[in-house]
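Student: Residue numbers (UniProt numbering): 1 to 155.
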């Protein structure tokens, strides 16, 4: 089994990231889905071998990838911030892109709202946000033998 901690939209709230050091230390992968990718870089400096950073719409520094596909334990995962797929309006474009990449899971941020949906066999997971201006959440994702289980954790 491999575990992920997925965060997004921290918008320079380093205190929230520091508060997650315990869970970051115990997981196999950390994913920051953008806004701000410099926050993802901050995490990557602490955990260089297991951090994936994705750029968001506010990320002029571009410290990560715009999109990324990873395969872990037989599960293909598509990662993006979501703004280029119009996720504030609908999720079908994101689901279509993930499916065309052969992925059964798509991770995205941008909306600041934690949410899990499924469209056409693709599970769409938004971990919520870690900004200073609203309630915070992240996602714990466990993958094992081709299956994935997610939990949204409110903090």
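Glycine included, every Cβ here is placed at the ideal spot set by N, Cα and C. Bear in mind the structure is a predicted one, so any value in this text is a computation, not a measurement.
1. Going by the DSSP bridge assignment, what does residue 142 pair with across the sheet?
2. Assuming the contact rule is C-beta atoms closer than 8 Å, residue 128 and residue 108 should be a hit. Round their C-beta distance to whole Å, please.
3. Please name the residue or residues paired with residue 51 in a DSSP beta bridge.
4. If we require 4 or more residues per run, which alpha helix (DSSP H) segments fall completely within the UniProt domain "Calcineurin-like phosphoesterase" (4-143)?
5. Applying the criterion that 16 or more other CB atoms from any shown protein chain within 10 Å of the CB defines a buried residue, is residue 132 buried or exposed?
6. If you draw a straight line from the C-alpha of residue 31 to the C-alpha of residue 100, how long is it?
7. Please report the distance separating the alpha-carbon of residue 38 from that of residue 59.
8. Does the beta-carbon distance from residue 12 to residue 33 come in below 8 Å?
Tutor: With the given structure in hand:
1. 3 and 149
2. That pair is no contact at about 11 Å.
3. The partner list for residue 51 (beta bridge, DSSP) reads 30.
4. 14-19, 21-26, 37-46 and 92-100
5. exposed
6. 22 Å
7. 8 Å
8. The answer is no: Cβ separation not under 8 Å.
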